[in-house]
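So the structure is just underneath, and the comments pick up after that.
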Amino acid sequence: MFMMRKSLILFMYLIWVFSLPLPVISNDKDKKLSEITNNAVAAYGGLATLVVLRQSGFLRGLVKLYTGNDTPQEGDITIRFSRKFKVAEDLKRIDLKLATAPKFTIAFDGTRVWGAEENTPVVLYLRSEAAMKADLIHNYEAFLRSQELGAKLEYGGEEKRSGIPLYVVDMKHADGSTTRYYISAKTWRILHLEYEFSVPSQSQPIRVRESFYDFRVVQNTLAPFRIVRYEDDHLVQETNFSEVTFGVQVDKSIFEPSGGSGASKVTL
15 MFMMRKSLIL FMYLIWVFSL PLPVISNDKD KKLSEITNNA VAAYGGLATL VVLRQSGFLR
75 GLVKLYTGND TPQEGDITIR FSRKFKVAED LKRIDLKLAT APKFTIAFDG TRVWGAEENT
135 PVVLYLRSEA AMKADLIHNY EAFLRSQELG AKLEYGGEEK RSGIPLYVVD MKHADGSTTR
195 YYISAKTWRI LHLEYEFSVP SQSQPIRVRE SFYDFRVVQN TLAPFRIVRY EDDHLVQETN
255 FSEVTFGVQV DKSIFEPSGG SGASKVTL
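Heads up: the sequence shown is residues 15 to 282, going by our numbering.
See the structure below:
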């Protein structure tokens, strides 16, 4: 019964997505933008695959955190997610186990960001909470879901990085923020993205750049197995995934906090 209901929901969801009005192409920039978007979606498996298969996922790998010391902290990372109709409402949970620290969890339950250390609730630093909220909106999959989300895209021209020709596309979000995507003119893969996010305790926003490498085909869709993150031009994180699975059944309770607020503070 559960699988029948789930299939019906996905079927209705597909009907809704494919019935969305296509953008009106009125000039050369719009034509170029439409070409880039359509080719990028096709490169990642096509709209139907993205809508149905990537509604949920499980990712596991190794992470390096660079905190300014000579030696980065290393450990295991597990990411689980469940998509909603709006990017800002997607459910997401990250579990991090560093060699020199207790297991740390940070998650979004559809309403708020929460954290835990060894399953004991903790109060997050403002920066950690803000970074998690920004990550829900500013990610490479948001571009692939732009038609589904009715997002506003703007063509930003062409440029080269490391000799690779790239198309530049800006995505305008409902909260007024922008994600800039750099898409390969040859493979149509999203190679980089940039955005800014604000922290209540800081006067200047934090500039983020993420770069994607080691693309592999997983269940008829494309996924980067290596992601490198910079903040204010400083390397802060490198993630190498060993396992990526989409379309998994995810227990929604894992996105919910296990208890009340704690008193300690941690950061991610």
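From the three backbone atoms N, C-alpha and C, an ideal C-beta is built for every residue, glycine too.
As the structure is a computational prediction, the values presented were derived from the model and not from experiment.
Delimiting residues of the beta strand (DSSP E) encompassing residue i
i, result
"residue 256", "248-260"
"residue 96", "87-96"
"residue 103", "That residue, residue 103, is in no beta strand (DSSP E); it is neither H nor E in DSSP."
Residue i, DSSP secondary structure in three states
i, result
"residue 270", "coil"
"residue 35", "Note that residue 35 has pLDDT 45, beneath the 50 cutoff, so the model's placement of it is unreliable and no number is given."
"residue 237", "strand"
"residue 231", "strand"
"residue 264", "coil"
"residue 129", "strand"
"residue 122", "strand"
"residue 215", "coil"
"residue 99", "coil"
"residue 117", "coil"
"residue 112", "strand"
Buried versus exposed call for residue i [16 or more other C-beta atoms within 10 Å across all chains shown]
i, result
"residue 142", "buried"
"residue 40", "In this prediction, residue 40 has a pLDDT of 45, which is less than 50 and means its spatial position is unreliable; nothing more can be read from the coordinates."
"residue 238", "buried"
"residue 118", "buried"
"residue 272", "exposed"
"residue 188", "exposed"
"residue 76", "exposed"
"residue 224", "buried"
"residue 265", "exposed"
"residue 190", "exposed"
"residue 269", "buried"
"residue 96", "buried"
"residue 132", "exposed"
"residue 99", "exposed"
"residue 267", "exposed"
"residue 246", "exposed"
Unbroken alpha helix (DSSP H) run spanning residue i, endpoints
i, result
"residue 142", "140-151"
Practice task
May I have a chain-ordered list of the beta strand (DSSP E) segments no shorter than 3 residues that lie completely inside the region 37-82?
Solution key: Those beta strand (DSSP E) runs which fall completely within the region 37-82 and span 3+ residues are 70-79.
Exercise for the section: Evaluate contact between the region 233-252 and the region 72-92, counting only Cβ atoms and requiring at least three cross-stretch pairs below 8 Å. Expected result: Yes: at least three Cβ pairs fall under 8 Å.
Problem - Completely contained alpha helix (DSSP H) runs for the region 133-213, where each covers 4 or more residues - result: Runs of the alpha helix (DSSP H) inside the region 133-213: 140-151, 154-158, 160-163.
Problem - At least 3 beta-carbon pairs within less than 8 Å: the region 178-186 vs the region 199-218 - result: Contact between the region 178-186 and the region 199-218 is established, with three or more Cβ pairs separated by less than 8 Å.
Exercise for the section: Evaluate contact between the region 50-67 and the region 143-159, counting only Cβ atoms and requiring at least three cross-stretch pairs below 8 Å. Expected result: Flag = yes, the region 50-67 and the region 143-159 touch.
Practice task
Kindly confirm or deny that the region 144-151 and the region 207-215 touch, where touching means at least three C-beta pairs closer than 8 Å.
Solution key: Yes, they touch.
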